[in-house]
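Peer 1:
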Amino acid sequence: MTIFPRISPLMVSRLAFYLSFLGSYDKVHTAIRSSGYLLSTHVDNVVKPNIELLLQCGLTPRAVATLCSRVGVLFTEEPERVKEMVARADNLGVPRNAGMFKRALQTVHNLNPRTISAKMDFLKKALGCSESELAIAVCQIPTLLTTSVRKLGRTVEFLKVDVGLEPGFIVRRPRLFIYGLEKRLIPRHYVIKVLKAKGLVKKDIDFKGQFGTAPPSSGSF
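At position 7 of the sequence shown the residue is numbered 73 (our numbering), and the sequence of numbers has no breaks.
#1: Where serine 214 and proline 115 are concerned, what is the direct C-alpha to C-alpha distance, given to the nearest angstrom?
#2: With C-beta atoms as the reference, is valine 290 less than 7 Å away from cysteine 195?
#3: If you count every other CB in all the chains shown that lies within 10 Å of the CB of serine 135, and 16 or more means buried, which is it?
#4: Hey, would you say phenylalanine 87 sits closer than 7 Å to valine 109, going by beta carbons?
#5: Can you tell me whether alanine 192 is helix, strand or coil according to DSSP?
#6: Mapping DSSP to helix, strand and coil, what is histidine 95?
#7: How big is the Cα-Cα spacing for glycine 234 and lysine 190?
#8: Is arginine 128 helix, strand or coil when you go by DSSP?
#9: Under the three-state reduction of DSSP, which class applies to valine 160: helix, strand or coil?
#10: May I ask you to verify whether the stretch 120-127 touches the stretch 161-171, counting CB pairs closer than 8 Å and requiring at least 3?
#11: Find out if the Cβ-Cβ distance for the pair arginine 147, valine 174 is shorter than 7 Å.
#12: To the nearest angstrom, how far is it from the Cα of alanine 184 to the Cα of alanine 263?
#13: What do you get for valine 227, buried or exposed, if any count of 16 or more other CB atoms within 10 angstroms of its CB means buried?
#14: For asparagine 178, does the three-state DSSP call read helix, strand or coil?
#15: Which full runs of the alpha helix (DSSP H) of 4+ residues lie inside the stretch 190-253, going along the chain?
#16: So is isoleucine 181 buried or exposed if we call it buried at 16+ other beta carbons inside 10 Å?
#17: So, helix, strand or coil for valine 137, using DSSP?
#18: In angstroms with no decimal places, state the Cα-to-Cα distance between arginine 99 and lysine 149.
#19: So, are the CB atoms of arginine 169 and threonine 221 less than 7 Å apart?
#20: So, at 7 Å on beta carbons, what are the nonlocal neighbours of glutamate 197 in its own chain, with the 5 sequence-adjacent residues on each side left out?
#21: Which term fits leucine 85, buried or exposed, when burial requires 16 or more other beta carbons within 10 angstroms of its beta carbon?
Have a look at this one:
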């Protein structure tokens, strides 16, 4: 199945532009799959102004290329709509010059304002944290908001009840929400618990130590 069965000369010139900007056929293909309007969108009036806006946000050309290949609408949306997305990403508190800003843009593309607000309210209630504390967590890992409410709730319950972590510890380590619960967090917790019970690891090795700072490696214990 072809996306564009008839390719006009204008589409060919646009394809050449995307290939030059994105740098590979694979990225162009990914962008087209992300937004089927890619080859029908005016490059000078829409695409280039959007690219310029993202560059003005502090993203590097390479970061813009990677982001737009994954979120094709950043190429094809009207510039005013992209400005709105940038403003919504700003509202998440992620600095434009931070590496996570592109993740913030992906997040606001995937979620409407009402959904983001609902998830923020849910996390504040579940963790008993302040809005400013949660804002810091979202600033560090904005994509945690793309996690379903069900998984967020299960993760909070597991970390608080089963592991016994303080809510403050959890909210300061938002990466915990993007780890797989069944495939990573739960197995890691129970393996440590069994090993400690059998005296096979040091007493000071615990779940907090594994997930307290940098992302743990598979060879941590």
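For each residue, glycine too, the CB sits at the ideal point set by N, CA and C.
Peer 2: Once the coordinates are examined:
#1: Sequence index remark: in the sequence shown, residue 214 carries index 148 (1-based). Sequence index remark: in the sequence shown, residue 115 carries index 49 (1-based). Approximately 34 Å, taken between the alpha carbons.
#2: Residue coverage of the chain in this structure runs from 67 to 287, which leaves residue 290 outside it and unanswerable.
#3: Taking the first residue of the sequence shown as position 1, residue 135 is located at position 69. By the 10 Å Cβ count, serine 135 comes out buried.
#4: Along the sequence shown, one-based indexing puts residue 87 at 21. Along the sequence shown, one-based indexing puts residue 109 at 43. No, the Cβ-Cβ distance between phenylalanine 87 and valine 109 is not below 7 Å.
#5: Numbered from 1 along the sequence shown, position 126 holds the residue referred to as residue 192. Alanine 192 falls in the helix class under three-state DSSP.
#6: Looking up residue 95 in the sequence shown gives position 29. In the structure shown, histidine 95 sits in a helix (DSSP, three-state: H, G or I).
#7: Against the sequence shown, residue 234 aligns to sequence position 168. Against the sequence shown, residue 190 aligns to sequence position 124. Those two C-alpha atoms are separated by around 11 Å.
#8: Stepping through the sequence shown from its first residue, residue 128 is reached at position 62. Note: arginine 128 maps to helix in three-state DSSP.
#9: Stepping through the sequence shown from its first residue, residue 160 is reached at position 94. Coil.
#10: yes
#11: Numbered from 1 along the sequence shown, position 81 holds the residue referred to as residue 147. Numbered from 1 along the sequence shown, position 108 holds the residue referred to as residue 174. Cβ atoms of arginine 147 and valine 174: not closer than 7 Å.
#12: The residue labelled residue 184 in the question sits at position 118 within the sequence shown. The residue labelled residue 263 in the question sits at position 197 within the sequence shown. Cα to Cα, the separation comes out at about 41 Å.
#13: Translated into positions along the sequence shown, residue 227 becomes position 161. That one is exposed.
#14: Indexing the sequence shown from 1 puts residue 178 at position 112. Three-state result, asparagine 178: coil.
#15: 197-206, 215-223 and 233-237
#16: For the purposes of this step, residue 181 is taken as residue 115 along the sequence shown, with counting starting at 1. For the sequence presented, residue 181 should be read as threonine rather than isoleucine. The residue is exposed, with fewer than 16 neighbouring Cβ atoms inside 10 Å.
#17: To locate residue 137, count along the sequence shown from 1; it is residue 71. Looking at valine 137 - three-state DSSP - the assignment turns out to be coil, as it is neither helix nor strand.
#18: Locating residue 99 in the sequence shown gives position 33, where the first residue counts as 1. Locating residue 149 in the sequence shown gives position 83, where the first residue counts as 1. Between arginine 99 and lysine 149, the C-alpha separation is close to 23 Å.
#19: Counting from 1 along the sequence shown, the entry for residue 169 is found at position 103. Counting from 1 along the sequence shown, the entry for residue 221 is found at position 155. Against a cut-off of 7 Å, the Cβ pair of threonine 221 and arginine 169 comes out as no contact.
#20: In the sequence shown, the residue the question calls residue 197 occupies position 131. Counting only Cβ-Cβ distances below 7 Å, and skipping sequence neighbours, we find Lys190.
#21: Looking up residue 85 in the sequence shown gives position 19. Classification for leucine 85: exposed.
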